[in-house]
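Please read the structure below before turning to the comments.
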Amino acid sequence: DTEVTQTPKHLVMGMTNKKSLKCEQHMGHRAMYWYKQKAKKPPELMFVYSYEKLSINESVPSRFSPECPNSSLLNLHLHALQPEDSALYLCASSQAESSARYGYTFGSGTRLTVV
Amino acid sequence: GENVEQHPSTLSVQEGDSAVIKCTYSDSASNYFPWYKQELGKGPQLIIDIRSNVGEKKDQRIAVTLNKTAKHFSLHITETQPEDSAVYFCAATSEDTGRRALTFGSGTRLQVQP
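Those protein sequences? They're chains D and S, same order as listed.
To convert, count from 1 in the first sequence and add 1; that's the working numbering.
To convert, count from 1 in the second sequence and add 7; that's the working numbering.
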């Protein structure tokens, strides 16, 4: 298995809702990432998990809450989002945080719309 | 921190022609430079990468060159095909510092006209 699987592919949520995005990989990668991508822009780093511990939080608002239950799973919990949070949320993994040499594998993303 | 600039933002070529996309980076500590292709509705896919200990790398129709002194690297696609149409991102990071994720360029939308 050489893929990063993200679910759901599309999500529409209201500003008062609570939802979660899920990311799964079975490549034995020990670093996992959340990126946010707005239309016609490059991906922007949100969070990095290394060996299931949060190692980087790029000053992301607390309405985004990441969780890494085990080495294969990464969740992003969403609460009280704003319309400007609408974007493509990408999950990625690599063999280790310090080994970008092996390249990131990205999932196809979750297209989030906040109404 | 690292800053990566990418040009052009859009590029239109005829099928069979070559396409070149250029990036510059600011941090001399960066030593790993991947290129990603992103098709509509999909996540970025790694197509080629280069490390600072080499000046050029080739994989079939795709090649990447790196000039460490000038801090720029380029993607070359030869014999372009319509399926090469996508957004291409360059990126940079250091493999040595241990806690740095990729910094992406702003992207180039490549359109290959049949």
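By construction, the Cβ of each residue, glycine as well, lies at the ideal position given by its N, Cα and C atoms.
A quick note: this is a predicted structure, and the numbers were derived from the prediction, not measured.
Same chain, Cβ closer than 7 Å to residue i, five either side skipped, listed in chain order
i        : result
Met47/D  : Trp35, Tyr36, Lys37, Glu59, Val61 and Phe65
Val49/D  : Ala32, Tyr34, Ser56, Ile57 and Glu98
Arg68/S  : Ile84, Thr85 and Glu86
Leu117/S : Leu18, Ala26, Asp91, Ser92, Ala93 and Tyr95
Gln83/D  : Met16 and Val115
His14/S  : Lys29
is_contact[residue i, chain D] using C-beta, thresh 8 Å
i        : result
Lys75/S  : no
Ala108/S : yes
Phe123/S : Given a span of 8 to 121 for chain S in the structure shown, any question on residue 123/S remains unanswerable.
Asp56/S  : yes
Lys49/S  : yes
Gly8/S   : no
Leu53/S  : yes
Phe96/S  : yes
Phe80/S  : no
Gly62/S  : no
Ser33/S  : no
Assigned exposure category for residue i - 16 Cβ within 10 Å defines buried
i        : result
Asp86/D  : buried
Asp66/S  : exposed
Gln120/S : exposed
Glu25/D  : buried
Val13/D  : exposed
Asn60/S  : exposed
Pro43/D  : buried
Pro9/D   : exposed
Pro90/D  : Here the sequence assigns Tyr to residue 90/D, which means Pro is not the residue at that position. Looking at its Cβ environment, which holds 16 or more other Cβ atoms inside 10 Å, Tyr90/D is buried.
Tyr105/D : buried
Thr76/S  : exposed
Given residue i as reference, the closest of the options once Cα atoms are compared
i        : options                                  : result
Ala32/D  : Glu68/D, Lys41/D and Met16/D             : Glu68/D
Ser33/S  : Ile84/S, Ile55/S, Leu82/S and Asn10/S    : Asn10/S
Val5/D   : Phe107/D, Val13/D and Ser51/D            : Phe107/D
Ser109/D : Glu46/S, Glu22/S, His14/S and Ala26/S    : Glu46/S
Glu45/D  : Thr114/D, Cys92/D and Val116/D           : Cys92/D
Asn76/D  : Lys42/D, Leu82/D and Thr111/D            : Thr111/D
Glu63/S  : Pro51/S, His79/S and Gln52/S             : His79/S
Thr3/D   : Leu89/D, Asn71/D, Ala88/D and His30/D    : His30/D
Phe89/S  : Gln21/S, Thr31/S and Gly8/S              : Reading off the sequence shown, one finds Pro at residue 89/S, where the question assumed Phe. With distances taken between Cα atoms, Pro89/S lies closest to Gln21/S.
Met28/D  : Asn18/D, Leu74/D and Leu113/D            : Leu74/D
Leu79/D  : Ser63/D, Tyr52/D and His11/D             : Ser63/D
Thr31/S  : Ala108/S, Leu109/S and Ala98/S           : Ala98/S
Phe111/S : Ser16/S, Trp42/S, Gly23/S and Asp24/S    : Trp42/S
Val71/S  : Asp24/S, Ser16/S and Ile28/S             : Ile28/S
Ala88/D  : Gln7/D, Ser21/D, Ala40/D and Lys23/D     : Ala40/D
Tyr82/S  : Asp56/S, Lys75/S and Thr76/S             : Looking at the sequence itself, residue 82/S is Leu, so the reference to Tyr does not match. That would be Asp56/S, whose Cα lies nearest to the Cα of Leu82/S.
Ser51/D  : Ala108/S, Thr115/S, Ser113/S and Asn74/S : Ala108/S
Residues near residue i by beta carbon distance below 6 Å, same chain, minus five either side
i       : result
Ala36/S : Ser101
Tyr39/S : Arg58, Thr100 and Glu102
Pro44/S : Pro is not the amino acid found at residue 44/S; the sequence shown has Lys there. Gln52, Ile54, Ala93 and Tyr95, listed in sequence order.
Lys19/D : His80
His11/D : Arg112
8 Å Cβ cutoff, residue i in contact with chain S
i        : result
Gly29/D  : no
Ser109/D : yes
Cβ-heavy atom distance, residue i to the ligand GDP, below 7 Å
i       : result
Ile84/S : Of ligands this structure carries none, so the ligand GDP is not represented either.
As an exercise, report each continuous alpha helix (DSSP H) stretch of at least 4 residues that is fully enclosed by the stretch 27-106 of chain S, in chain order. Complete alpha helix (DSSP H) runs here, min 4: none at all.
Uninterrupted beta strand (DSSP E) stretches inside the stretch 43-109 of chain D (no shorter than 3 residues): The stretch 43-109 of chain D contains these whole beta strand (DSSP E) runs: 45-51, 54-58, 65-71, 74-80 and 88-95.
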